[in-house]
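Step one of this worksheet: look at the structure below.
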Amino acid sequence: MIRTDPRTLGWLNRALNHEMSAVQQYMAQRVLARLWGDAALAERLGADAMEELDHAEHLMRALIEQGVTPSAGALRPPRLGPDADSFAHANRQIEADAVRLYREALAHARQIRDQHHEALFADLLAAEMEHLAGIEEQGS
Amino acid sequence: MTTPPEGWEARGRPPSWFRRFTFAKYAETRDFLDGVAALSEELGLHPQNINFATTHANITIEGADQQEPGEAELAFALRVNALAATRAGP
Chain A
231 MIRTDPRTLG WLNRALNHEM SAVQQYMAQR VLARLWGDAA LAERLGADAM
281 EELDHAEHLM RALIEQGVTP SAGALRPPRL GPDADSFAHA NRQIEADAVR
331 LYREALAHAR QIRDQHHEAL FADLLAAEME HLAGIEEQGS
Chain B
43 MTTPPEGWEA RGRPPSWFRR FTFAKYAETR DFLDGVAALS EELGLHPQNI
93 NFATTHANIT IEGADQQEPG EAELAFALRV NALAATRAGP
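Chains as they are written, first to last, in my numbering: chain A, 231 to 370; chain B, 43 to 132.
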C-alpha cells in the first residue's frame, strides 16, 4: 500500500473524472458545431477540450507518481443542446463545478500541509477560474 | 490465502480487495474518509486507491509488494468496515 493521504488520492481521482467528463462534453459540442457549419465555435470548443486534456494529464502524472494507475471511471454524460447559448449554459455549469471541486481539494491539501498537491490544485483552480471567466465573456 | 472480510470483493492482477461504501449524504462520506485517513496513520497501512463522490467511496487495498492481501490488510479492512458501520448509510 502507498503512503499518500487517502483523501488526496480521492481528490485526484475525482478531479480526473471531472476533467475527462469536460473533455467529452467539449468534444461532443465541437462535433455538433462543425455539423452546424460554425467553424469558429468548433475551433473554440476544440481548444477548450485540449485545455481540459492538459489538466487531466497533470492529474494522471500525480496519480502515477503515487503508484496508482489513472482511471477516470464513469464519465458524466455530455450536455449538448440546440444552439451555442445552450452550450454556454452547460459549460458555465461544468466550469463552476470544477472551481468548487478544486477549492475543496486545495483546502484539503492545505489542511494536511501537502505542498506538492496544494500547488497542483491551486494551479488547476486558477486555470478553471480563468476558463470560467473566459466562457462568460465569450458567451460559449 | 487470506479471505476478504464481509462486503469486500477479491480482485486480481495485482491481487487486491475492493469495496464500495455508500452514505446518505456528503457529510457522512467526508466523515468516513477522514476516519480512513486517521486509520491509515494509526495502522501504517494506506489504501492503494480511493475514489469518492457525494454519497459513495470506493476503496482498493493491496498487499505489500503486490502480493495477496494478508493479515495486516484484513485487520485494516475490518476496521474500515467498522468505520462505515458507524455512519448511517442507505
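Glycine included, every Cβ here is placed at the ideal spot set by N, Cα and C. As the structure is a computational prediction, the values presented were derived from the model and not from experiment.
Residue i: contacting residues in chain B (beta-carbon distance under 7 Å)
i	result
A/R233	H88
A/P236	L75, V78, A79, S82, H88, P89 and I92
From the options, residue whose alpha carbon lies closest to that of residue i
i	options	result
A/D327	A/P300, A/S301, A/Q368 and A/E358	A/E358
B/G86	A/R233, A/N247, A/N243 and A/G297	A/R233
B/F118	B/H98, B/R55, B/R53 and B/W59	B/W59
A/R244	B/E83, B/E115, B/A52 and B/N100	B/N100
B/R129	B/D76, B/P47, B/E115 and B/T44	B/D76
A/M250	A/L283, A/E360, A/A318 and A/L354	A/L283
B/E83	B/H98, B/G112 and B/R121	B/R121
A/D217	A/E348, A/G297, A/A258 and A/Q296	Any answer about residue 217 of chain A is impossible in this case: the structure gives chain A only from 231 up to 370.
B/N91	A/R264, A/E281, A/S301 and A/Q323	A/S301
A/L289	A/L239, A/D344 and A/A314	A/L239
A/E334	A/E287, A/V298, A/E348 and A/R264	A/E348
A/W266	A/T299, A/R343, A/G311 and A/D344	A/G311
B/F74	B/Q109, B/N93 and B/P57	B/N93
A/L305	A/L246, A/E366, A/L242 and A/V298	A/L246
Reduced DSSP category for residue i - H, G, I as helix; E, B as strand; rest coil
i	result
B/A52	strand
A/R260	helix
B/T71	helix
A/I342	coil
A/F317	helix
B/F65	coil
B/A95	strand
A/S370	Note on A/S370: pLDDT 46, under 50, position unreliable in the model; no value is reported.
B/S58	strand
A/T238	helix
A/R233	coil
A/E348	helix
A/E360	helix
B/E110	coil
Interface partners of residue i on chain B, CB under 8 Å
i	result
A/V298	Q90 and N91
A/L239	P89, N91 and I92
A/G303	N93
Amino acids of chain B, ordered along the chain, whose beta-carbon sits closer than 9 Å to that of residue i
i	result
A/R244	N93, F94 and A95
For residue j and residue i, believed in contact at Cβ under 8 Å, the rounded distance
i	j	result
A/F351	A/L336	4 Å
A/P308	A/Q254	5 Å
A/L331	A/H248	6 Å
B/E70	B/R61	About 16 Å; that fails the 8 Å criterion.
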